[in-house]
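J.: Take the numbering used here: the final residue in the sequence shown is number 114, and no numbers are missing along the way.
Below are the structure tokens for one structure; questions will follow.
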Amino acid sequence: MLDEHVDRRLRQILQRMAPTLTVRCIGDPDAPPLSASDPDILIWCERYDFLLVTNNRRSMPSHLEVHLARGHHAPGIFIMNVHHALITTANELILIWETCTVDEFEDCIWFLPISGRW
């Protein structure tokens, strides 16, 4: 799931590089609507088992903390480095998708690139 503030070109890149990867964006007909609250997005991701890709470094950690405290879970959250090229983010997301299991990221926030420095 791509947060609504993530550049939509990332979806195009991901779909071109990994056509079998399911990518949803906030605002899609089968996704939370535009301007959905972060807590509602986390509930949706939990219900439909989608990882969240966002650039919301400021409030997403506290939203996740509250979400978990309420007994919920999150498949995982990836926070992008907006200073990196979209292709860099896409390559890392595809590598994660191809080589990791979903439970490796459950209830955690990961900063992309995972192997890089901020």
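Even for Gly, the Cβ is constructed at its ideal location relative to N, Cα and C.
Being a predicted model, the structure only gives us computed values, none of them experimental.
Within the same chain, show all residues whose beta-carbon is closer than 6 angstroms to that of M(-3), passing over the 5 residues directly before and after it, in chain order.
T.: So the qualifying residues of the chain are R20, C41, F46, L48.
J.: Hey, could you find the ends of the alpha helix (DSSP H) I9 is sitting in?
T.: Run containing I9: 5 to 13, per the alpha helix (DSSP H) assignment.
J.: Taking three-plus beta-carbon pairs below 8 angstroms as touching, is the region 91 to 109 in contact with the region 27 to 41?
T.: The answer is no - the region 27 to 41 does not touch the region 91 to 109, with fewer than three Cβ pairs under 8 angstroms.
J.: So, using beta-carbon positions, are I9 and T50 closer together than 8 angstroms?
T.: Not a contact, by the Cβ cut-off of 8 angstroms.
J.: Between the C-alpha atoms of E102 and E0, what's the straight-line distance to the nearest angstrom?
T.: About 22 angstroms.
J.: Looking at the unbroken beta strand (DSSP E) that takes in V49, where does it start and where does it end?
T.: 48 to 50 is the extent of the beta strand (DSSP E) around V49.
J.: Output yes or no for whether 8 angstroms exceeds the beta carbon distance between L115 and L6.
T.: Nothing can be reported for residue 115: it is not among the residues displayed for the chain, which extend from -3 to 114.
J.: For P35, which of H69, A14, D24, V2 has the nearest alpha-carbon?
T.: Of the listed residues, the one whose Cα sits closest to P35 is H69.
J.: Rounding to the nearest angstrom, what Cα-Cα distance links A65 and I37 in this structure?
T.: For A65 and I37, the distance between alpha carbons rounds to 16 angstroms.
J.: Strictly by DSSP, which residues pair up with W106?
T.: Beta-bridge pairing links W106 to F74.
J.: Apart from the five residues on each side of it in sequence, which residues of its chain come closer than 7 angstroms, Cβ to Cβ, to T85?
T.: The answer, listed in chain order, is L6, M76, L108.
J.: Which residue from A14, T97, Y44 puts its Cα closest to that of I90?
T.: It is A14 whose Cα lies nearest to the Cα of I90.
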